[in-house]
Amino acid sequence: MEKFLSLEQIDEAANFIRSRITASPQIGMILGSGLGSLADLIEAPQFIEFAEIPFCPVSTVEGHKGRLVIGKLEGKQVMVLQGRIHYYEGYSMDQVTFPVRVMQRLGVEYLIVTNAAGAIHPSYMPGDVMLITDHISLMTMTGANPLRGPNLREVGERFPDMSQAYDRPLMALAREVAAQEGVSLCEGVYIGLAGPSYETPADLRFLRVIGADAVGMSTVPEVIVARHGGMRVLGFSGISNKANLDGNTITTHEEVLKAGEIIVPKLQKIILGVLRKLSV
Ligand code: HPA
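Take 47 as the starting number for the sequence shown in my numbering and just add one per residue.
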C-alpha cells in the first residue's frame, strides 16, 4: 500500500524544526552521495537528525549522514540535508520527497540539489561537475510520480508545469561563478532511475539515445516536488564514474564515494559563489 503524507503531517514536522532553530532559511540544499562534507562549512550549525523529525524517513545508505544542518553559509541562512532518502531504500515517493515539502512549509524558496552520477556523455569524466540543465524522469513516466495521490492544494496545483524545472537565472549565475573561479563546469541532462542496481550496457545505450548525459538514482522526485511548490531549483551532478556502455568496467559504490573527494572542492567554489551572489 502506497504511503501518502498529509499536510498535517508535513506541518507537524515543520513545526518541530521551527521549534528547534532560531533562523528561518530561504535556501535549501540536498547533498548527494559522497558530497555531504559541504555542510561542514556551515557557521554556527544546528543539527537535527532525520530520526528526530516526526514522520521523516531515515537514510539507510553509506555516505549519507541523514541529518539536517541549519546555519549560515556566505552570510545566507541555509538548511541542508546532509544525506537524502532514496526510492530504492523502499520508501514511497511521498516519503522520499518529504524533506522538500517540509522545507517549503518552512519558507525555503531556493533549492540547490546535488547528486553523484555516472557519465553517459562520452567526454564527461569522473571528477567533473555537471550543471543540470534538465532531467528525464524515467521513474515518474512509468507511474512513480511523487505527486501521484491526493493533491495538496495548499502547496501546489494538480498539474504543475515542468518546462523550466531548473531555473535559468540560477543556471546563468552558476556559469558566471564557475568562470570567475576557474572551475570547469559541463552541462547536461540528468536521468533519474529507481536503482539500486547499476545499468546494463544495453540500458545505458538506450539512455544515451533518449538524450541523457548523466545517470543517477535520485534528485528528480525532489525537483518535481520543489517545482510543484514553486521553489527555484539549481542542480549539479558530481560525475563519479564513466557509465559502462561497453560492458568492460564495473561500477561500485566505493568508487562513487571516492570521486566525491575530488568533486567537493569544485562544487564548493560554485555553490559558495552562487550563494554570495544571491540576493536573499
Ligand atoms: N549509475 C546510476 N547511478 C549512479 C551512477 C551510475 O553509474 N554513479 C553514481 N550514481
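Each residue gets a CB set at the ideal place from its N, CA and C atoms; glycine is no exception.
All values derive from a computational prediction rather than experimental measurement.
The Cβ-Cβ distance between Ala289 and Val261 falls below 8 Å. The stretch 104-118 and the stretch 63-76 touch, with three or more beta-carbon pairs separated by less than 8 Å. Counting only heavy atoms of the ligand HPA, the residues whose C-beta sits closer than 6 Å to one of them are, along the chain, Ala162, Ala163, Gly164, Tyr244, Glu245, Val261, Gly262, Met263, Ser286, Asn287, Ala289, Thr297, Val302. Here Glu135 really is in contact with Val107; their C-beta atoms are around 7 Å apart, less than 8 Å. Fewer than three Cβ pairs drawn from the stretch 158-172 and the stretch 221-228 lie within less than 8 Å of each other, which leaves the two stretches out of contact.
Taking Ile67 as the centre and dropping the five residues before and after it, the same chain places the C-beta of Gln92, Ile116 closer than 6 Å to its C-beta, in chain order.
Distances from the alpha-carbon of Thr246 to those of Leu291, Tyr212, Asp213, Val326 put Leu291 closest.
With a cutoff of 8 Å on beta-carbon distance, Leu81 and Thr160 are scored as near each other.
The beta carbon of Ser264 lies closer than 7 Å to those of Gly78, Arg130, His132, Asn161, Gly238 in the same chain, with the five residues before and after it left out. DSSP, read as helix, strand or coil, puts Asp174 in coil. Per DSSP, the unbroken alpha helix (DSSP H) holding Ile56 starts and ends at 53-66. Separation of Ile317 and Pro172 (C-alpha to C-alpha, rounded to the nearest whole angstrom) is 19 Å. In terms of CA proximity to Lys49, Pro196 leads the group Leu231, Ile309, Pro196, Asp207. Looking at the DSSP output, Glu95 bridges to Arg113. Assigned with DSSP and collapsed to three states, Met187 falls in helix. Only residues of its own chain outside the window of five on either side were considered, and among them Phe101, Asp140, Gln141, Phe144, Arg147 have a CB closer than 8 Å to the CB of Leu51, listed in chain order.
By the neighbour-count definition (other C-beta atoms within 10 Å, threshold 16), Phe96 is a buried residue. Here Ala272 is not near Ile182, since their CB atoms are 8 Å or more apart. Here DSSP, grouped into helix, strand and coil, assigns Asp259 to coil.
In terms of Cβ geometry, Pro71 and Val201 do not form a close pair [threshold 8 Å]. Taking the C-beta atoms as reference points, Val229 is found nearer than 8 Å to Val175. By the C-beta density criterion, Met217 is buried, having at least 16 other C-beta atoms within 10 angstroms. In the DSSP assignment, Lys323 falls within the unbroken alpha helix (DSSP H) covering 299-323. The residue from Arg151, Asp86, Ala59, Gly319 with its alpha-carbon nearest to that of Met277 is Arg151.
Residue range 266-274 is occupied by the alpha helix (DSSP H) that includes Ile270. Residue pairing from DSSP places Met125 in a beta bridge opposite Gly74, Ile116. Counted as a single uninterrupted DSSP element, the alpha helix (DSSP H) harbouring Leu216 occupies residues 214-227.
The beta carbons of Ser286 and Val302 sit closer together than 8 Å.
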